[in-house]
Amino acid sequence: MKTLLLAEYKKLHRSKLIFLLVFALIMTLGVVFLQGQFTFSGEKYIDTFGWYILQVHSLTTYFVLPSLIALFGGYIICREEQEDVLKSLRLIPIDESNMITAKMIITLLGSIFVYLILFTASLIIEAVLHLHAVNMSEVVHYFVVYVLTGISVFMVISPIIALIGLVKRSYWIALIIAEIYSFVGIFFASKEILRAIYPISSVFILSGVYETSMLEFAISVLVNFGCCFISYKILKSIKVGKKKRISKRI
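Residues in the sequence shown are numbered consecutively from 63, following the numbering used here.
Encoded structure:
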């Protein structure tokens with residue numbers, strides 16, 4: 063498994079999609095900074111410590127990162143078949159079940175890593191603007207929020223990644239589906255219970271951004287693990303389908 067994880071990391075490291083991710087993150091940081099220049103009651107939004115780091119988190123989670131993480135996950139899981147190297151890998155041979163598991167683990171780690179980069183960048187900007195207001199307890203709180211969001215976002219978009227792996231279509235479709243999927247979450251954000259039921263908005267509950275009841279938290283946990291279960295069943299069907307095709311050839 064360690065070898066497979068390292069191999070998947072090297073494949074992703076060479077991908078040009080990394081540049082798309084970097085560009086999207088820089089654009090997001092810049093857009094939120096410009097938004098912060100607007101004033102309310104004579105004070106700029108960005109003058110309040112914590113506003114920038116939370117707005118970056120909110121904007122990227124609703125509009126940017128779920129779709130990009132889905133794109134990378136779809137790219138990783140479909141790459142060998144679309145580039146016609148899967149036949150060569152079967153001659154080695156490689157356990158395809160372990161390979162798919164490694165791909166999903168890399169996507170999970172990538173999701174956490176991207177959110178940590180975003181947290182670090184936004185924290186640096188906050189520190190430059192409000193060095194006197196920075197305190198360790200809030201920094202730790204925001205760190206936990208970003209890490210939990212990275213995990214939760216992967217969980218709720220994992221069915222999309224698995225579905226792309228099943229239908230074997232262009233992994234760019236994952237970007238479109240995930241973008242619509244995450245954008246719709248905005249309409250549930252202010253509705254109690256419903257925001258816990260809808261996967262993307264439930265991410266904000268699990269990460270601690272929203273103050274909610276234990277019922278909403280419990281529902282959010284069930285929804286997130288439900289998404290993981292759906293992706294597991296889809297990925298399992300991919301593995302079963304491949305085994306059947308191989309047995310027929312034999």
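Where a beta carbon is used, it is the ideal one built from N, C-alpha and C, also for glycine.
The continuous alpha helix (DSSP H) containing Y114 extends over residues 113-121.
Using a Cβ distance threshold of 8 Å, V215 and T123 count as a contacting pair. The distance from the Cβ of G247 to that of S263 is about 4 Å, consistent with a contact at the 8 Å cut-off.
With a cutoff of 8 Å on beta-carbon distance, Y114 and G98 are scored as near each other. Listed in chain order, the non-local C-beta contacts of I255 below 8 Å within the same chain comprise L277, E278, I281, local neighbours out to five positions each way being set aside. According to DSSP, K106 shares a beta bridge with T101. Here I242 carries a helix assignment [DSSP, helix/strand/coil]. Secondary structure at K165: helix, using DSSP grouped into helix, strand and coil. Taking 8 Å as the upper bound for CB-CB distance, I239 and I213 are not in contact here, some 21 Å apart. Bounds of the alpha helix (DSSP H) holding E200 are 198-229. DSSP, reduced to helix, strand and coil, places E273 outside both helices and strands of the structure shown, so it counts as coil.
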